[in-house]
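If you read the sequence shown in the numbering used here, its first letter stands for residue 28, the second for the next number, and so on. Just so it is clear, CB atoms sit at the ideal spot from N, CA and C, and this is done for glycine as well. Keep in mind that this is a model prediction, so the values were computed, not measured.
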Amino acid sequence: MIQRNGARGTSDHQLHSDCARVREQTKSMEQERTPEVNDCESEEGGRGDVSMPAVAAVTAPDGGWGWMVLVATIIVLALTLAFPSCVGIYYTDLQNEFHATNSETSWVPSIMTSVLHAGGPFCSVLVERLGCRKTVILGGILSGLGMVFSSFTQSIVQLYITAGIITGLGFCFSFQPAVTILGHYFVRRRVFANAMSSTGTALGLCILPILGNYLHMEFGWRGSFLILGAVLLNCCVCGAVMRPLQPPKHRGQPLINHELHPPEEKRVRKEQGRARTIWNSLVASLRKHMAFDQLCNNSRYCVYSIGITWMMLGFVVPLVYLVPYATANEMDQGRAALLLSILGIVNIVVRPPIGIIFNMPWFKGRHIYVFASALLVNGLSNSICCIGPSFPVLLAYVVTYGLSMSVVGSLMFTVLMDVVEMSRFPSALGLLAVMESITLLVGPPLAGVLVDMTGVYYHMFFTSSAVVASSAVFLIVSYSWLDKRDRRALKQGAPSAPPEPASPAAAADVAPSCQYRSLPTEGDKDKASANGAAVRGEIRGSDSALCSQTIRWRKMKKVAVCGLCIVLFYAVLCLAQWAVLVLLKCSGCGGLAGLWACGAGNWAILHVFTLILTDGKPQPELQRLVALLCLLSPVLESGRSLMASDSEPYMVPHPDLSRLFLGMVSSSLACVVWEKVLCGDDGTNARQLLLRMLKYFRPDSLYLIAAFSFLILGVVCDTYIPLYQGKVIDMLRGQMTHTSFCYVVGQLSLFSLGSALFSGLRGGIFMVTLTRLNKRLKHLLFHTLLQQEVDFFEDKDNKPGSLSSRLHSDVDRMGRTVALNANATVRSTVKTCLMLRVMLGLSWELTVLTCIEMPLLAILQNKYINLTKELKEQTQNCHAKNKDLALHTVSGIHTVRSFKGEKDELRRYNEALEELRMVKRYSGIYSAVFLLVRRLVSLGIKILMLLQARTLILSGHLSIGSLVAFFLYQKPMAVNLREILYCYGETASTVGVIAKVFKYLDRTPQWKKEGELAPEKLQGGVVFQNVTFTYPSTREPALKSVSMKLQPGKMTALVGPSGSGKTSCVSLLKRLYEPQEGQILLDNEPLHHYKHKYLHQKMALVSQNPVLFSGSLKYNIGYGLEDCTVEKMIETAERVNAGKFFSELEDGYDTDIGESGANLSSGLKQCVAIIRALVRDPQVIILDEATSKLDVDAQYNVLQEILACGLTVLVVAHQLKTVEQADHIIFLEKGIIVEEGTHQELMAKKGQYYRLKEELFSEK
């Protein structure tokens, strides 16, 4: 028994393994575009579950009998999809016969179309059981019978059942299997085949309206339905043409069902199925035939389904109501039907070339965007019908609609095949059909309700346009986001760019940085002296700045006094003018012309008065104040006259002190804001930086033009929304017709939808522009940093954490602030101007009070900016300091752990965090106080507005309705003003960040430019000629008049105590620094005459602690080389006897060595560095303790291999056994060459070299 069970388990295991293998084969064949036949039936058995002894894949013919199947599919689509659109011809007769309304009659094609799509799951079951051929034949029979039965109906409900349900179900059984089997006959030409098959819909739209109109005229609607039922039986003939695909060499064998299950697996599944409950079977069937898993797991299919479902709410409405719309406007029935025929002709002509074009490889992966763009045009084209019901207008509409519909129809199934696997296409199509059947069912009736309510068709077409266009925008935005997400995921999964090398401080993890940090050195004392001088210079600079500030304050005081005198004089001048009008008994100043003349006269008088106050010296600030005072009234009255031509003149014989006071206060505050905030020295610098910042937007000019265009359109829509809200309120209070009310509500809805659409497009484009700007700035800044000399990175202000903060945080902030604030500022400014134009026509007094709020808030904002500007800079510096501390601690974790410095580092990091917390605390206090004062100012302005409004209402100058309309504008107006001020404050606070970034971008590297020398042959002779070098951070020279030669092909050793200048010689030879005196020659040419890349390829350095990057071994060896092959790496490793170590690694040369080579030992790190140097084929190689971590034999082998290559070798070593092999030895001490010669010569002299060797020998 046990053995039998074991055998059974083995067979079950084998069965599942075979099934898994079959599924993998099926998946691979699907990826290779050779799909299986998953829907074909058996000719003999009639069922798709007939088993086969083997699984055979069927290659799509892409021609042959497939062309016959394509023709049959075209005919099926012509008789099914286009048929509901032609029912509109019989609308009038059906309404008269059954006494039905537009809404009730429109349910007939709606039910027909809805059932056509909703029957997808049943169709999937029939396809699995019967196959495509028999299902299409069954559908033809059902549709024909349904139309025949409908010709004998006696009520509208019976028509719903026969013409709607039965005929629609027959259409479903004919349409979906035809599309499915066509997808299996064509793979390589699938787009073309789908486009050609979609011409069937166009063919039906072309023929069926003419045929239906003829039958209607000859036999009436009942006779027409009877004949059309017979015509629909042609679907049976088309189904007979759709023979199933079979393997080419096994025509006589039964066919494969779409599951491709072997017989044994079918038997096991059958046994397991007996134990299932009815509920589980039902759930499994729904999952299989409804593709719910695709809807939940496939984001693209989910988005596409939602978009298509949304689209169908308005897509077919114009087709249903086009003929009734034309006939309702007294167009002949034949000409109305001709419009549908023209629509079909356009589709027939356009769809084949569209299929050829979109079948090109370039459109692969872009079908959805072409589809959505065409859908957007299709939706917007519905607005053409609202121009008028004339035949030319409707003809233009039909052509435009037909062109876009051709693209939509050609790509609808192609896009679905792109987003789901072909094996799941029938079930995915079925679920999509069910979803869209809901909107197809309710769309035309809802449109009919709208027509019945309003009595016109315009609102119906507008609504349809909005629905279809919004679905197109939804698809574009959603798929753009999905593509961006996929690209980001692919980028994160792909090999990243080479990481930055660790900083020198982090790399030198052996230095005891914790214990002796506070001990001063001589260099530190020199630094202290320099700092003292810097402090004294800073004090002198602060005195100068204080003096300059005093002068500026005196100038501002003088200007303020003169401005106050000018305002008072202007008030006296206005009162005098009113007195003259009273004496002359004039009713006004002569309208707008007189008002502008008075303004010009006032400007001349005040200009002379200003010159008198300033002793004839023109002051730009006072001139701007004069111009604003004199021109404010003419500008306001001109704006009012544009809104209300019957408005009373501003200047009347009776002086209005409140108007005069408001005008003077608003003008004065505006000038104060302008001079204080925008025209100061800081403002000038800020403008210069911002203007320079805008230059980096030039590559995105087209994006910005599009964004600002959508911005203006969105603002226009926003401006008209309150206006139509006010109209709705007036209509509710008055006696308005129902049509006028619906028209106003429709306009309000249209502007609201336009506002949302254009705002979304504008925001999206601005975000794209911001992303591109950040990428461009980061690339430029990183390129500039890489070009700087080494001294730059050793400066205390240019630590790795600080530079990383500038590169990422600061660039992101400046791009985000400038781009987004520009967006918000322009939007709010345009919206404010448009709102001011409307508000001035309602009440100019309340408008001026609203405008007064802006200067007051601007003054507060400027004060807040000045207080928090330094705090924000301190915040950025604290962030950079924290990042730098964390970076150094983590990168030097070995040193921290070795010296038990965790508590010390934690304390330092906590102190840095505490400093950041204090800065944030002060920033929060300032922000709270500013918010409180701003709210109080806004509240005070609102109280003044209410008091002024009460006065105006009591005096009869303002109505309740006008006041409501004004406040509808006032609230967003205040929001716009606050947004402008906030954006200005944010931009001004970012000026310091922008200045720092531009400081780095403008910095010129302080080293000699590279030359052009790159000789093919290089001898390798190096000469130091009186080289003197001093590090920037010290004053004592590291090298003093050093002169030496490195003979080509010889080995030279540098020996000496620590700090003698050996590393300085290496750094100068690698041109990391430039000597202050003397020069270094390579083959009698200065180093800076050679190309940078050539020099560092021909001169390689191997250091004691080589810097390795996170990545593979192959990446580190070939770092910086473009044409380094793995074979060359292996050959070089074998030459230094290191090949066996690397070959024993798990992944060989593809092994990840970890962060800074953490997965390698110290010896292997040096081996990698040596191979990295030799693989470049250098002529000069520098070994700075390069073999100190290797054993004796390895050191000897490496050195012999290097010497055998005939290279010029410079060795820096403390192990004299290595030095003894040198051809020439140079002993350095305190930057001076003390002695030089061979080992024997120096030992014979018994000098410094001899004593050093004796000391090392005695220690050993």
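message: If you reduce the DSSP assignment to three classes, tell me which class residue 1068 lands in.
response: Here residue 1068 refers to the residue found at position 1041 when the sequence shown is read from its first residue. Residue 1068: strand per DSSP, three-state reduction.
- request: Ignore the nearest five residues each way along the sequence and tell me which others in residue 573's own chain have a CB closer than 8 Å to its CB.
  value: The residue you call residue 573 lines up with position 546 of the sequence shown. Note that residue 573 scores a pLDDT of 49, beneath 50, so its modelled location is shaky and nothing firm can be said.
- request: Taking 8 Å as the cut-off, decide whether the C-beta atoms of residue 1082 and residue 1128 are in contact.
  value: Sequence index remark: in the sequence shown, residue 1082 carries index 1055 (1-based). Sequence index remark: in the sequence shown, residue 1128 carries index 1101 (1-based). By the CB criterion at 8 Å, residue 1082 and residue 1128 fall outside the cutoff.
task: May I have the straight-line CA-CA distance separating residue 561 from residue 1068, to the nearest angstrom?
output: By one-based count along the sequence shown, residue 561 stands at place 534. By one-based count along the sequence shown, residue 1068 stands at place 1041. For residue 561, the pLDDT reaches just 44, beneath the cut-off of 50, and the residue's location in the model is therefore unreliable, although a value from the coordinates is still provided. The straight-line gap from Cα to Cα measures roughly 31 Å.
- prompt: When we look at the beta-carbon of residue 1272 and count the other beta-carbons within 10 Å, is it buried (16 or more) or exposed?
  reply: Against the sequence shown, residue 1272 aligns to sequence position 1245. It counts as exposed.
message: Closest to residue 594 by C-alpha separation, out of 624, 653 and 372, would be which residue?
response: For the purposes of this step, residue 594 is taken as the residue at position 567 of the sequence shown. In this structure, 653 is the residue among 624, 653 and 372 with its C-alpha nearest to the C-alpha of residue 594.
field: Reference residue 509, options 498, 272, 494 and 446, closest by Cα
entry: Indexing the sequence shown from 1 puts residue 509 at position 482. The residue with the shortest Cα to Cα distance from residue 509 is 446.
- request: Tell me where the beta strand (DSSP E) around residue 1108 begins and ends.
  value: Here the question's residue 1108 lines up with position 1081 in the sequence shown. 1104-1109 is the span of the beta strand (DSSP E), which, as asked, contains residue 1108.
- prompt: So, do the segment 1143-1156 and the segment 1194-1212 have three or more beta carbon pairs nearer to each other than 8 Å?
  reply: Short answer: they touch.
query: Counting Cβ pairs, one atom from each stretch, are 3 or more of them under 8 Å apart for the segment 227-241 and the segment 360-372?
result: They touch, by the three-pair rule.
query: Considering residue 1251, what are the terminal residues of the alpha helix (DSSP H) in which it resides?
result: Taking the first residue of the sequence shown as position 1, residue 1251 is located at position 1224. Careful: residue 1251 lies outside any alpha helix (DSSP H), inside the beta strand (DSSP E) at 1251-1256.
field: Cβ shell of residue 747 (< 7 Å), same chain only, five flanking positions each side left out
entry: In the sequence shown, residue 747 corresponds to position 720, counting from 1. Cβ contact annotation for residue 747 (same chain, cutoff 7 Å, sequence separation greater than five): 778, in chain order.
field: Where residue 415 falls: helix, strand or coil (DSSP)
entry: By 1-based counting over the sequence shown, the position of residue 415 is 388. The DSSP-derived three-state label of residue 415 is coil.
Proximity winner among 875, 1137, 1205 and 876, relative to residue 1184 (alpha-carbon distances): Taking the first residue of the sequence shown as position 1, residue 1184 is located at position 1157. The candidate whose alpha carbon is nearest that of residue 1184 is 1137.
- request: Can you tell me the Cβ-Cβ gap for residue 665 and residue 626, rounded? I've got them flagged as a contact below 8 Å.
  value: For the purposes of this step, residue 665 is taken as residue 638 along the sequence shown, with counting starting at 1. For the purposes of this step, residue 626 is taken as residue 599 along the sequence shown, with counting starting at 1. Actually they are not in contact, since the Cβ atoms of residue 665 and residue 626 sit about 11 Å apart, beyond 8 Å.
task: Buried or exposed for residue 167, please, with buried defined as at least 16 other CB atoms from any protein chain shown within 10 angstroms of its CB.
output: Residue 167 sits at position 140 when you count from the first residue of the sequence shown. Counting C-beta atoms within 10 angstroms of its own C-beta, residue 167 has 16 or more neighbours from the protein chains shown and is therefore classed as buried.
Limits of the beta strand (DSSP E) - the one that residue 1053 falls within: Counted from its first residue, the sequence shown places residue 1053 at position 1026. Residues 1049-1056.
- prompt: Taking DSSP as the reference, what is the three-state secondary structure of residue 837?
  reply: Against the sequence shown, residue 837 aligns to sequence position 810. The answer is helix: DSSP assigns residue 837 an H, G or I state.
query: With DSSP run on the structure shown, which of helix, strand or coil describes residue 1180?
result: Position 1153 of the sequence shown, counting from 1, holds the residue named residue 1180. In the three-state reduction of the DSSP assignment, residue 1180 falls in the coil class, being assigned neither a helical nor a strand state.
message: If contact is defined by three or more beta carbon pairs under 8 Å, each pair taking one atom from either stretch, is the segment 993-1010 in contact with the segment 847-857?
response: With the cut-off at 8 Å, the segment 847-857 and the segment 993-1010 touch.
task: Would you decide whether residue 394 is buried or exposed? Buried here means 16 or more other CB atoms lie within 10 Å of its CB.
output: If you number the sequence shown from 1, residue 394 lands on position 367. That one is buried.
message: With DSSP as the reference, identify every bridge partner of residue 1259, one or two as the case may be.
response: Position 1232 of the sequence shown, counted from the start, is the residue given in the question as residue 1259. DSSP, once it has assigned bridges, lists 1256 as partnering residue 1259.
- request: Within 10 angstroms of the Cβ of residue 513, are there 16 or more other Cβ atoms? Answer buried if so, exposed if not.
  value: As a working mapping, residue 513 is identified with position 486 in the sequence shown. That one is exposed.
query: Looking at C-alpha atoms only, which residue of 1121, 973, 432 and 971 is the closest neighbour of residue 1045?
result: Counted from its first residue, the sequence shown places residue 1045 at position 1018. Minimum Cα-Cα distance from residue 1045 among the listed residues 1121, 973, 432 and 971 corresponds to 1121.
query: From residue 456 to residue 334, what distance separates their C-alpha atoms?
result: The residue given as residue 456 occupies position 429 in the sequence shown. The residue given as residue 334 occupies position 307 in the sequence shown. Their backbone Cα atoms lie some 14 Å apart in a straight line.
query: Quick one: what does DSSP say residue 428 is sitting in, helix, strand or coil?
result: Locating residue 428 in the sequence shown gives position 401, counting from the first residue. Reduced to three states, the DSSP call for residue 428 is helix.
query: Counting Cβ pairs closer than 8 Å, one from the segment 336-354 and one from the segment 103-117, do we hit at least three?
result: Counting C-beta pairs with one atom in each stretch, the segment 336-354 and the segment 103-117 have three or more that are closer than 8 Å, which means they touch.
Beta-carbon separation (whole angstroms), residue 958 vs residue 936, contact threshold 8 Å: The residue given as residue 958 occupies position 931 in the sequence shown. The residue given as residue 936 occupies position 909 in the sequence shown. 32 Å between Cβ atoms; not a contact.
task: Classify residue 873 as helix, strand or coil using the three-state DSSP reduction.
output: Sequence index remark: in the sequence shown, residue 873 carries index 846 (1-based). The answer is helix: DSSP assigns residue 873 an H, G or I state.
Counted within 10 angstroms of its Cβ, other Cβ atoms place residue 893 as buried (16 or more) or exposed: By one-based count along the sequence shown, residue 893 stands at place 866. Counting of Cβ neighbours within 10 angstroms places residue 893 among the exposed residues, the total staying below 16.
query: From residue 735 to residue 100, what does the alpha carbon distance come to, in whole angstroms?
result: What you label residue 735 is simply residue 708 of the sequence shown in a count that begins at 1. What you label residue 100 is simply residue 73 of the sequence shown in a count that begins at 1. Rounded to whole angstroms, residue 735 to residue 100 spans 47 Å at the Cα level.
- prompt: What separation, rounded to the nearest whole angstrom, lies between the Cα atoms of residue 358 and residue 177?
  reply: Counted from its first residue, the sequence shown places residue 358 at position 331. Counted from its first residue, the sequence shown places residue 177 at position 150. Between the alpha carbons of residue 358 and residue 177 lies a gap of roughly 28 Å.
query: Which whole-angstrom value is the C-beta distance of residue 985 and residue 976, which I expect to be below 8 Å?
result: Numbered from its first residue, the sequence shown carries residue 985 at position 958. Numbered from its first residue, the sequence shown carries residue 976 at position 949. Contact holds; Cβ gap of about 7 Å.
field: For residue 1139, the residue or residues it bridges with in DSSP
entry: Reading the sequence shown from its first residue, position 1112 is the one you call residue 1139. Beta-bridge pairing links residue 1139 to 1179.
- prompt: Based on Cα-Cα distance, which residue from 407, 423, 441 and 372 lies nearest to residue 390?
  reply: Residue 390 sits at position 363 when you count from the first residue of the sequence shown. Measuring from the Cα of residue 390, the nearest candidate turns out to be 441.
message: For residue 103 and residue 115, I'd like the C-alpha separation in whole angstroms.
response: The residue given as residue 103 occupies position 76 in the sequence shown. The residue given as residue 115 occupies position 88 in the sequence shown. Distance from the CA atom of residue 103 to the CA atom of residue 115, rounded to whole angstroms, is 21 Å.
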